[in-house]
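Report on the following structure.
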Amino acid sequence: MPMQLTEHKERFTQVFEHMGPERVARGLTAQGYDWSSCFLALAYERALRSNRWAASVTGLCDADVQLVATAWDSYNDDTHAAFVALAQEWLETNRTHTPVPVGGES
4 MPMQLTEHKE RFTQVFEHMG PERVARGLTA QGYDWSSCFL ALAYERALRS NRWAASVTGL
64 CDADVQLVAT AWDSYNDDTH AAFVALAQEW LETNRTHTPV PVGGES
């Protein structure tokens with residue numbers, strides 16, 4: 004049965020806020036599903052070993068690591084796509100501000 008992401012939107016939002024926009028954006032570039040190439044591994048630029056290891060590296064609780072891993076690794080394309088869409092939606096409103104130099108100087 005596919006995971007209902009709308010039921011977990013608030014938790015995902017809290018996870019994304021904990022991670023910050025740079026990590027969420029980096030995580031979305033992931034192409035893999037194992038501990039060295041998944042969303043969280045790319046987000047934190049570290050190979051992970053397990054949920055508990057990922058929790059200690061990321062500062063997320065075990066349940067939140069499992070929630071992200073389940074959504075990212077879902078064999079149901081709709082669940083994976085919904086997770087990506089939710090992360091992209093969050094990024095749209097939470098991008099970091101890059102100051103523009105005054106006078107066009109770099």
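End of the sequence shown = 109 in my numbering, gap-free, step of one.
For every residue, glycine included, the Cβ atom is placed at its ideal position computed from N, Cα and C.
Could you name the residues of the same chain whose beta carbon sits closer than 7 Å to that of residue i, not counting the 5 residues immediately before and after it, in chain order?
i	result
M4	At M4, the pLDDT of 40 sits below 50, so the modelled position is not reliable; the number obtained from the coordinates is stated separately. There are no such residues.
F86	L8, A74, W75
L45	R29, G30, T32, A33
Helix, strand or coil for residue i, going by three-state DSSP, please let me know.
i	result
G59	The sequence given here places Ser at residue 59; Gly does not occur at that position. Helix, per DSSP.
M4	Since pLDDT at M4 reaches only 40, below the 50 mark, its modelled position is unreliable, and the value read off the structure follows with that caveat. Three-state DSSP puts M4 in coil, outside helix and strand.
Q17	helix
E25	helix
E95	helix
A33	coil
Look at the alpha carbon of residue i and the alpha carbon of residue j, and state the distance between them as a whole number of angstroms.
i	j	result
L63	H21	8 Å
A58	D65	5 Å
L43	S53	11 Å
Q91	S39	22 Å
A113	W56	Within the shown structure, residues of the chain are numbered from 4 to 109, placing residue 113 beyond reach of any answer.
T16	E10	12 Å
Quick one: what's got a C-beta closer than 6 Å to residue i's C-beta in the same chain, skipping five residues either side?
i	result
N97	P24
Ignore the nearest five residues each way along the sequence and tell me which others in residue i's own chain have a CB closer than 8 Å to its CB.
i	result
C41	A33, G35, L51, A72, W75, D76
R14	D67, L70
A18	Checking the sequence, you will find Val at residue 18 rather than Ala. The residues are L63, D67, L70, V71.
Quick check: does the Cβ of residue i come within less than 6 Å of any heavy atom belonging to the ligand ZN?
i	result
V71	Here there are no bound small molecules, and the ligand ZN is not part of this structure.
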